[in-house]
Amino acid sequence: MGILNVTPDSFSDGGRYADLDAAVAHGVRLRAEGAHLVDVGGESTRPGADRVDAATEAARVLPVIRELAAAGVTASIDTTRARVAEEALAAGAAVVNDVSGGLADPDMARVVRDAGCPWVLMHWRGHSRGMRELATYTDVVVDVKTELAQRIDAALAAGVAADRIVIDPGLGFAKTAEHNWQLSARLPELLELGFPLLFASSRKSYLGLLLADADGRPRPTGGREAATAATSLLAVAAGAWGVRVHDVLGTVDALAVWRASGSPRLVAAPTAEPGRATEPARTTEPARTAEPARTTEPGRAAETGRTTEKGEDR
1 MGILNVTPDS
11 FSDGGRYADL
21 DAAVAHGVRL
31 RAEGAHLVDV
41 GGESTRPGAD
51 RVDAATEAAR
61 VLPVIRELAA
71 AGVTASIDTT
81 RARVAEEALA
91 AGAAVVNDVS
101 GGLADPDMAR
111 VVRDAGCPWV
121 LMHWRGHSRG
131 MRELATYTDV
141 VVDVKTELAQ
151 RIDAALAAGV
161 AADRIVIDPG
171 LGFAKTAEHN
181 WQLSARLPEL
191 LELGFPLLFA
201 SSRKSYLGLL
211 LADADGRPRP
221 TGGREAATAA
231 TSLLAVAAGA
241 WGVRVHDVLG
251 TVDALAVWRA
261 SGSPRLVAAP
271 TAEPGRATEP
281 ARTTEPARTA
291 EPARTTEPGR
301 AAETGRTTEK
311 GEDR
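Following full-length UniProt numbering, the numbering of the sequence shown begins with 1 at its first residue and continues without gaps.
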């Protein structure tokens with residue numbers, strides 16, 4: 001999934017694609033580089049971002065989605081609003097990527113159910129301005145898994161088909177850097193829910209902190225691409241369905257190397273002593289994640305193992 005933010009204030013590329021022609025050209029380029037979906041967002045969800053109204057959001061994304069659809073590019077709509085999602089689907093979007101997991105707008109389930117399209121349910125605890133205060137967990141992986149299960153149950157109860165649901169652990173959304181690393185290391189526990197998982201680490205601040213210079217200054221967003229590719233590859237090796245990224249080509253290249261080496265899986269090695277944590281062991285068992293199939297038909301889920309772009313920090 002390639003990220004296309006048509007916003008003036010997204011954390012790493014705000015304003016670059018606010019112009020319609022520039023946005024469409026970038027979306028077409030992401031597709032040519034290997035993205036199976038281009039994720040179009042019209043409202044920044046980075047921590048502390050101000051909200052925009054539905055009319056402004058729709059005015060940003062709908063022309064881009066129409067042009068991309070006309071060019072044969074399969075788009076997803078990155079929104080928490082049912083109205084925007086419904087209009088985007090009518091304009092040609094194929095997937096709804098909802099960072100609120102349906103919590104921000106109760107009507108979203110109806111829109112997705114009626115459209116029969118895939119719905120990405122992200123783990124979410126609140127809008128951007130308050131998310132830092134909500135990053136409190138007993139065990140972040142267990143808690144995120146429980147809360148995602150609640151969103152899945154709500155979607156199913158609303159009539160959304162099980163095979164339309166994709167989950168996202170929500171790295172960077174009401175999460176500290178340590179929470180993000182724990183979720184990344186324990187993705188198989190989230191996969192126990194039985195749904196495809198979208199992994200979105202691209203350029204996020206926890207990578208910048210990891211790569212800080214000797215004075216403790218975080219690596220700028222433009223210098224986080226290799227770390228993004230590494231975390232994305234590890235997620236696919238652990239069983240992720242898709243990855244959301246800004247740098248599609250670099251991620252596609254990394255995954256090509258992984259496949260050429262036999263698609264080794266990362267699995268937990270048996271523990272020698274009870275209670276001792278183990279490091280992941282490499283195996284040569286082929287990954288069970290299917291390589292994504294391209295699709296331009298709205299409502300069809302793209303199978304993934306390739307790329308997608310998204311941010312925390314969006």
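Virtual Cβ for every residue (Gly too), placed ideally from N, Cα, C. It should be emphasised that the depicted structure is a prediction, and the values quoted were computed from it without experimental measurement.
Look at Trp119 here: in three-state DSSP terms it is strand. Exposure of Val142 is indicated by the presence of fewer than 16 other C-beta atoms within 10 angstroms of its C-beta. Excluding residues up to 5 positions away in sequence, Asp143 lie with their Cβ nearer than 6 angstroms to the Cβ of Tyr137 in the same chain. With the rule of 3 Cβ pairs closer than 8 angstroms, the segment 171–181 counts as touching the segment 196–209.
Asp213 has its alpha-carbon roughly 43 angstroms from the corresponding atom of Met108. Restricting attention to Ile77, Leu68 and Gly194, the CA atom closest to the CA of Ala240 is found in Gly194. Contact check for Val84 and Trp119: beta-carbon distance about 14 angstroms, past the 8 angstroms limit, so the pair fails to qualify. Beta-carbon to beta-carbon, Ile65 and Ala75 are separated by about 5 angstroms, close enough to satisfy the 8 angstroms threshold.
A straight line joining the alpha-carbon of Gly27 with that of Arg217 spans about 32 angstroms. The alpha carbon of Asp39 has as its nearest neighbour, out of Ala135, Ala227, Ala254 and Val243, the alpha carbon of Val243.
Beta-bridge partners of Asn5 (DSSP): Gly41.
Uninterrupted alpha helix (DSSP H) stretches at least 4 residues long and entirely within the segment 209–239 occur at 225–238, given in chain order. The Cβ neighbour count for Arg224, taken over all protein chains shown within 10 Å, is at least 16; the residue is labelled buried.
DSSP, read as helix, strand or coil, puts Val243 in strand. In the same chain as Val52, and ignoring 5 residues on each side of it, the C-beta atoms closer than 6 angstroms to its own belong to Glu43, in chain order.
For Ile77, the beta-bridge partners assigned by DSSP are Val40 and Val96. Distance from the CA atom of Leu68 to the CA atom of Thr80, rounded to whole angstroms, is 21 angstroms.
As a beta-bridge residue in DSSP terms, Leu197 pairs with Ile167.
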